[in-house]
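Add 29 to a position in the sequence shown, counting from 1, and you land on the number used in the working numbering.
Note that CB positions come from ideal geometry on N, CA and C, so glycine has one too.
First comes the structure, then the notes that go with it.
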Amino acid sequence: MNDLSEINLPLSQEIVAIVEAGNLLHEAGAYESALEKYGESWNMLPEPKEQWDLAHWIAKCYSRLYLELECYDEAKVWAVRAVQTKPPRETSSFILLGASHLGANEKESAYKFFKKAFELGKGRAFQGFDKKYLDFFTGYEEK
């Protein structure tokens, strides 16, 4: 994973500002505008996009928003990207992917990704997420 700020600080700062603006729009409920900001920031990443540290953050922002909109297939696409670009001990990408599968009623897959997060971070991995995800994980019986 490459740190864009070390290679092109002005571009990195511009992308960060756009993502942060998208996050504010998301929090305000302006979902379409937030998606536009995330798309703008994603398109600004040099190719291959997945090699940059900011790709992980943008992918997580997209996934969270699509989860909130109950667009689980889109949430999964972006959560997969987040998992593919995550730092080694990071757990929230697995929670987002598990949540996307759970929303789509794919319980076995949801459990599998929640378990990966739990193995890395125990209960701490679920902090900041709806309690229903940890409740699902702890109450699920593997087949």
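Per DSSP, the bridge partner or partners of residue i
| i | result |
| --- | --- |
| tryptophan 81 | Asn31 |
Sequence-distant residues of its chain with Cβ nearer than 6 angstroms to residue i (five each side left out)
| i | result |
| --- | --- |
| lysine 115 | His85 and Ser122 |
| serine 70 | Ile44, Ile47, Val48 and Ile87 |
| glutamine 80 | Asn31 |
| lysine 78 | Ala84 |
| glutamate 65 | none |
| valine 109 | none |
Test item: CB-CB of residue i and residue j under 8 angstroms
| i | j | result |
| --- | --- | --- |
| serine 92 | serine 138 | no |
| alanine 63 | leucine 54 | yes |
| methionine 73 | leucine 94 | no |
| leucine 98 | tyrosine 67 | no |
| leucine 126 | valine 112 | yes |
| phenylalanine 166 | phenylalanine 147 | yes |
| leucine 38 | aspartate 82 | no |
| glycine 58 | cysteine 90 | no |
Cβ shell of residue i (< 7 angstroms), same chain only, five flanking positions each side left out
| i | result |
| --- | --- |
| glycine 150 | Thr120 |
| glycine 168 | none |
Cut-off 8 angstroms between Cβ atoms - residues of its own chain near residue i, not counting five sequence neighbours on either side
| i | result |
| --- | --- |
| glycine 132 | Leu96, Glu99, Tyr101 and Ala104 |
| isoleucine 124 | Phe142, Phe143, Ala146, Ala154, Phe155, Phe158 and Tyr162 |
| glycine 152 | Leu163 |
| serine 140 | The identity of residue 140 in the sequence shown is tyrosine, whereas the question assumes serine. Within the same chain, tyrosine 140 has close Cβ partners Gly127, Phe165, Phe166, Tyr169 and Glu171. |
| glutamine 42 | Ser34 |
Residue i beta carbon near the ligand SAM (any heavy atom closer than 7 angstroms)
| i | result |
| --- | --- |
| glutamine 156 | No copy of the ligand SAM appears in this structure; indeed no ligand is present at all. |
For this session: List in chain order: all unbroken alpha helix (DSSP H) runs of 4+ residues lying wholly within the segment 44-108.
Result: For the segment 44-108, the full-length alpha helix (DSSP H) segments reaching 4 residues or more read 60-73 and 82-97 along the chain.
Exercise. Which runs of the alpha helix (DSSP H) fall wholly inside the segment 115-158 and span at least 4 residues, in chain order?
Worked result: With a minimum length of 4 residues, the continuous alpha helix (DSSP H) runs that stay inside the segment 115-158 are 121-132 and 136-150.
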